[in-house]
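Quick mapping for you: the protein sequence lines, in order, are chains A and B.
Per this note's numbering, the first sequence starts with residue 1, numbered consecutively.
Per this note's numbering, the second sequence starts with residue 1, numbered consecutively.
For glycine and all other residues, C-beta sits at the position ideal for the given N, C-alpha and C.
Predicted, not measured: the structure shown is a model, and the values here were computed from it.
Take a look at the structure below.
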Amino acid sequence: MLSCYHLKKLFMVLYKSALLLILFFCLNGIGKLYANTPSDIAVSALHQQLDNDPVWLAILGYESQGVVFRRNYSAINFSSHFLASDGRIDPRAELIATLEAFHQALLPGQNPDNHPQCIYRARYIWLDEKLAFSGSEIPSVQCNAYDEWRTADLKGLSVLFVGGFLENPASYYGHTMMKLNGPSERLTDLQNSTLNFGANISPDDGIVKYLVKGVSGRYTGAFSSAEFVHYANNYGQVEHRDIWEYELDLTESERTLMVALMWELLPAEYDYYFFNKNCAFRIAMLFSALRGIDLTSGPNLWYSPQNLISKLTALADNQRLVMGQPVYHPSRQSTFYFRYYDLNAEEQSVFRLVVRSSSEIDAERFASLPLESRHRVLDVLMDYYQYISDHGQSNVAVPDNPYNRVLAKRLVLPPGQSMFPEFHAPGPHAGRQMSYVSVSYVDNTSYGNAVRLRLRPAYYDALDYDVGHVPASALHMGDIDLLVLDGKTRVRQASLMKIESVNMRATGLPGDSRRSWLLEAGAFQERLDDPDSTVARIRGQFGYGFPLKSVSAVWGGRVGGNLQSRYQGSDYLNATLTTFFNGHIAPRVRVSLSSEFRVGVSEDSNSRRIDQVTLRYEVYKNLDVRLGYEKNVSTEISLSIGAYW
Amino acid sequence: MFIGKKLIGKSFVLAASMTIAAVAQAQGAVGTGPNPYRDCGIGAALFPTVNWAAVSSNVIWDIGTTAVISATVSPQTCQGQNVAAAAFIFETFDSLAEETAAGKGEHIATLFNILEVEDARRSEVVLSVRADMADLVAQGRFDTMSKTEKAESLYFAVINAINS
Chain A
1 MLSCYHLKKL
11 FMVLYKSALL
21 LILFFCLNGI
31 GKLYANTPSD
41 IAVSALHQQL
51 DNDPVWLAIL
61 GYESQGVVFR
71 RNYSAINFSS
81 HFLASDGRID
91 PRAELIATLE
101 AFHQALLPGQ
111 NPDNHPQCIY
121 RARYIWLDEK
131 LAFSGSEIPS
141 VQCNAYDEWR
151 TADLKGLSVL
161 FVGGFLENPA
171 SYYGHTMMKL
181 NGPSERLTDL
191 QNSTLNFGAN
201 ISPDDGIVKY
211 LVKGVSGRYT
221 GAFSSAEFVH
231 YANNYGQVEH
241 RDIWEYELDL
251 TESERTLMVA
261 LMWELLPAEY
271 DYYFFNKNCA
281 FRIAMLFSAL
291 RGIDLTSGPN
301 LWYSPQNLIS
311 KLTALADNQR
321 LVMGQPVYHP
331 SRQSTFYFRY
341 YDLNAEEQSV
351 FRLVVRSSSE
361 IDAERFASLP
371 LESRHRVLDV
381 LMDYYQYISD
391 HGQSNVAVPD
401 NPYNRVLAKR
411 LVLPPGQSMF
421 PEFHAPGPHA
431 GRQMSYVSVS
441 YVDNTSYGNA
451 VRLRLRPAYY
461 DALDYDVGHV
471 PASALHMGDI
481 DLLVLDGKTR
491 VRQASLMKIE
501 SVNMRATGLP
511 GDSRRSWLLE
521 AGAFQERLDD
531 PDSTVARIRG
541 QFGYGFPLKS
551 VSAVWGGRVG
561 GNLQSRYQGS
571 DYLNATLTTF
581 FNGHIAPRVR
591 VSLSSEFRVG
601 VSEDSNSRRI
611 DQVTLRYEVY
621 KNLDVRLGYE
631 KNVSTEISLS
641 IGAYW
Chain B
1 MFIGKKLIGK
11 SFVLAASMTI
21 AAVAQAQGAV
31 GTGPNPYRDC
41 GIGAALFPTV
51 NWAAVSSNVI
61 WDIGTTAVIS
71 ATVSPQTCQG
81 QNVAAAAFIF
91 ETFDSLAEET
101 AAGKGEHIAT
111 LFNILEVEDA
121 RRSEVVLSVR
131 ADMADLVAQG
141 RFDTMSKTEK
151 AESLYFAVIN
161 AINS
């Protein structure tokens, strides 16, 4: 048994051990505390809660991500972009690491452009504004590469919307990019820098791989910069795509921050998703650094260039960013059409003569035109020949090239610009919203009354084409039309994709034919007397459409075929002959008529004619009413009300 | 002038199809410097052969008019405003030719900015280039000249006019 003395001694040992242990942990804690304590400037930054500032998060590319459990982390998946090991998920750590990096002294022989202050230029500019670096220990570094890139005396920034072209599927939904506008006394617009976001696509990827990888986020997306001339030339001259330019109303400090952010993000990499994390989305995210602007709130199942323009131009009051009307940069195709239809009767007649035979350019009839008319005719001829060439006339190396004959004639006439009126086309900001939903009341001669529900995520049909769209044409993906009958829901239509190309402006000249084509795939109700007759179908048609300019209409015909699953009397392969008319019969009223004769290739299949008439009334820009008539075995009348969103 | 920062998979700056432009009459007068098209490979597909994916606006472009990779002369020879002008002429030849015929335009102004031609001389240079181009285009062989040859001819017409 232990005596009191021994107990006392044991207690003292335990007591001292406990004290030592406590002291150890305290010192360890204090050591850690001192090791992690930021500098004074970092303390100030944290005190101001700059790590949670929306501008700081925007600079780091933070987004709310995840479907079920939403978290905030950076969409930039390029680890070298972050200074802290967990900078992608911890904005506080990244802020402290950034400030530490800014403290670094420039080593002898070190390229200042590699200093963090020059690489992370947006962070530097914004943090300097918040923390006043000039009175601190942070050295000042001269960033020559940045200064050279950012264009001295920058006058402004613009957002560019590039329209689509139906002959090029990859361009359908348009494109957006930014332009840095330098002083016009020193630079032309063609020399201005641009910022573009796109996917890094392997040249070996075919269309299927492109679609799959683009939709599933398996491409890397990144920003790049080039002079505007490259895009003006490629989009305008080669791809026949119009450009609308929206000039931004920014303060000088906002402009400085935006430009610095563009610079900082040039090396960054992202996952690219064709539908929603695309060029429009990434450009929109740049604006998160300004005035609390949020152009990307919402689930954003899809985000198109038109979405961006609509939201940007809808900003009001202290968030208003867009000044006035957009500047229109017409493509060579648009320029040709505008100018051709502006030629007077004699000029147009001579124009057509020369197209028929280039020697007419040396004939009496051309020579008898006034000089101004000769300039006009020659310039429109050059527009025409450029438009119908694949990659520009300078790439054409054939004897007796009529374009060169026209150019030669222009060069021997006295110089002078041809006079045409200025032409404009409304920009996408003036258009309606992109998605469409409608509900219809249906009366069918076979099954009576029913309701139809329609959802079309994007984009337009032959009745509701709008600014920036191809008139009388159709382009949509994922158009779903459900029939609700007797408590059951059936698929009336589930169109994966539909493209209907009609060129209302086509002149009918060689190379500018009035051809029309259609391509569609999906599931469709085969006949109106049977709501369960849904078949899978792919169809294609080719023909011609002829404009009726007096009524902004087009009529025509196409031949084609359907390949589909069989259903009671319907063949798997059918030939079709279709006639159509789409027109603007009153200010807010459009009508669409079509009649399709369909015959199966098998002897036991039924042939039939399918007639459709639809009248659309635009109540206002984002609301319409449609009256429909369709005869396909049975007859069906429908009345719908639809909204765009 | 900014030089694009990202180079994507397409090696369209210098494909194997480097064009040797041996057009005697396109050479400049003494003192006009090297031939950027021959010596620096400009003209070898600055833009990729257009395929359906390449024309997508979603593709990253790196289209800086930089000195090209396999220049046959020293890299220093293939830098500077003359080479930039040569590349610009190649890329926008059609617009330049048409504006030259008209006597003015944004592409001509851009070219003069690149070459730092004073405002006071620009009209006279345009007229001189216009006369040279008229002679060139009137020749039957212009129809079958390659784009590089056409650009080279215009380039030397401009350089000669500036230096005269």
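Would residue i pass as a contact of residue j if the rule is Cβ separation under 9 angstroms?
i, j, result
"V591 of chain A", "F581 of chain A", "yes"
"L353 of chain A", "F366 of chain A", "yes"
"N685 of chain A", "P91 of chain A", "Residue coverage of chain A in this structure runs from 1 to 645, which leaves residue 685 of chain A outside it and unanswerable."
"T220 of chain A", "E264 of chain A", "no"
"Y617 of chain A", "T507 of chain A", "no"
"D529 of chain A", "N444 of chain A", "yes"
"D486 of chain A", "L453 of chain A", "no"
"I89 of chain A", "Y73 of chain A", "yes"
"A97 of chain B", "E124 of chain B", "no"
"L483 of chain A", "R490 of chain A", "yes"
"G78 of chain A", "E94 of chain A", "What sits at residue 78 of chain A in the sequence shown is Phe, not Gly. Not a contact, by the Cβ cut-off of 9 angstroms."
Please list the partners that residue i has in chain A, where partner means a Cβ-to-Cβ separation under 8 angstroms.
i, result
"G103 of chain B", "P415, G416, Q417"
"E91 of chain B", "V229, H230, N233"
"D143 of chain B", "A397, V398, P399, D400, N401, N404"
"E106 of chain B", "T188, D189, L190"
Under a CB-based cut-off of 9 angstroms, is residue i close to chain B?
i, result
"G392 of chain A", "yes"
"M382 of chain A", "yes"
"N404 of chain A", "yes"
"D379 of chain A", "yes"
"L312 of chain A", "no"
"D400 of chain A", "yes"
"N397 of chain A", "The amino acid at residue 397 of chain A is misidentified as Asn; the sequence shows Ala. Answer yes: the Cβ-Cβ gap between A397 of chain A and chain B drops below 9 angstroms somewhere."
"Q656 of chain A", "As shown, chain A starts at 1 and ends at 645. That puts residue 656 of chain A outside it, with no answer to give."
"Q541 of chain A", "no"
"A476 of chain A", "It should be pointed out that residue 476 of chain A corresponds to His in this sequence rather than to Ala. Chain B, which has no Cβ nearer than 9 angstroms to the Cβ of H476 of chain A, makes this no."
"H429 of chain A", "no"
Go ahead and pull the three-state DSSP assignment for residue i.
i, result
"F112 of chain B", "helix"
"N278 of chain A", "coil"
"V613 of chain A", "strand"
"D132 of chain B", "helix"
"K104 of chain B", "coil"
"N444 of chain A", "strand"
"W302 of chain A", "coil"
"I89 of chain B", "helix"
"Q525 of chain A", "strand"
"L14 of chain A", "helix"
"L577 of chain A", "strand"
"A152 of chain A", "coil"
"Y173 of chain A", "coil"
"T49 of chain B", "Caution is warranted here: a pLDDT of 37 is assigned to T49 of chain B, below 50, making its placement in the model unreliable, and no coordinate value can be reported."
In chain A, which residues lie less than 7 angstroms from residue i when you measure between Cβ atoms?
i, result
"A109 of chain B", "T188"
"A113 of chain B", "Just to set this straight, residue 113 of chain B is Asn in the shown sequence, not Ala. Those are L187, T188, Q191, listed as they occur along chain A."
Residue i touches chain B at which residues, Cβ-Cβ below 8 angstroms?
i, result
"L407 of chain A", "A97, E98, A101, V137"
Between residue i and chain A, is any beta-carbon pair separated by less than 9 angstroms?
i, result
"Y130 of chain B", "The question names Tyr, but residue 130 of chain B is Arg in the sequence shown. Closer than 9 angstroms to some Cβ of chain A, the Cβ of R130 of chain B qualifies, so yes."
"E124 of chain B", "no"
"L127 of chain B", "yes"
"S146 of chain B", "yes"
"A85 of chain B", "no"
Can residue i be considered in contact with the ligand ZN, in the sense that its beta carbon sits closer than 8 angstroms to one or more heavy atoms?
i, result
"N233 of chain A", "Ligands are entirely absent from the displayed structure, and the ligand ZN is therefore not among its contents."
Which residues in chain B have a C-beta closer than 7 angstroms to the C-beta of residue i? List them in chain order.
i, result
"R410 of chain A", "A101"
"Q333 of chain A", "The contacting residues do not exist; Q333 of chain A stays about 14 angstroms from chain B at best."
Show which residues of chain B have a CB atom less than 9 angstroms away from the CB atom of residue i.
i, result
"Q237 of chain A", "T92, D94, S95"
"Q117 of chain A", "Within 9 angstroms Cβ-Cβ: nothing; Q117 of chain A doesn't reach chain B, min ~19 angstroms."
"Q325 of chain A", "Neighbours of Q325 of chain A on chain B: none; closest Cβ ~20 angstroms, over 9 angstroms."
Which residues in chain A sit within 9 angstroms of residue i, going by Cβ to Cβ distance?
i, result
"F156 of chain B", "By Cβ distance, chain A contributes nothing, its closest Cβ being about 16 angstroms from F156 of chain B, past 9 angstroms."
Does the pairing of the region 272-281 of chain A with the region 347-363 of chain A give three or more beta-carbon distances under 8 angstroms?
The answer is no - the region 347-363 of chain A does not touch the region 272-281 of chain A, with fewer than three Cβ pairs under 8 angstroms.
With a threshold of 8 angstroms, are at least 3 pairs of Cβ atoms found where one atom belongs to the region 568-576 of chain A and the other to the region 603-610 of chain A?
Counting Cβ pairs under 8 angstroms, three or more are found: they touch.
At a cut of 8 angstroms, does the region 40-53 of chain A reach the region 284-298 of chain A through at least three beta carbon pairs?
The region 40-53 of chain A, when compared against the region 284-298 of chain A, does not touch it at the 8 angstroms Cβ threshold.
Indicate whether the contact test is met: 3 or more Cβ pairs, each with one atom in the region 207-222 of chain A and one in the region 189-199 of chain A, closer than 8 angstroms.
Yes: the two stretches touch, three or more of their Cβ pairs being nearer than 8 angstroms.
Counting Cβ pairs, one atom from each stretch, are 3 or more of them under 8 angstroms apart for the region 126-134 of chain A and the region 151-169 of chain A?
Judged by Cβ distances under 8 angstroms, the region 126-134 of chain A makes no contact with the region 151-169 of chain A, as fewer than three pairs qualify.
If you pair each beta-carbon of the region 228-240 of chain A with each one of the region 294-303 of chain A, do three or more pairs fall below 8 angstroms?
Cβ pair count under 8 angstroms is below three, so no.
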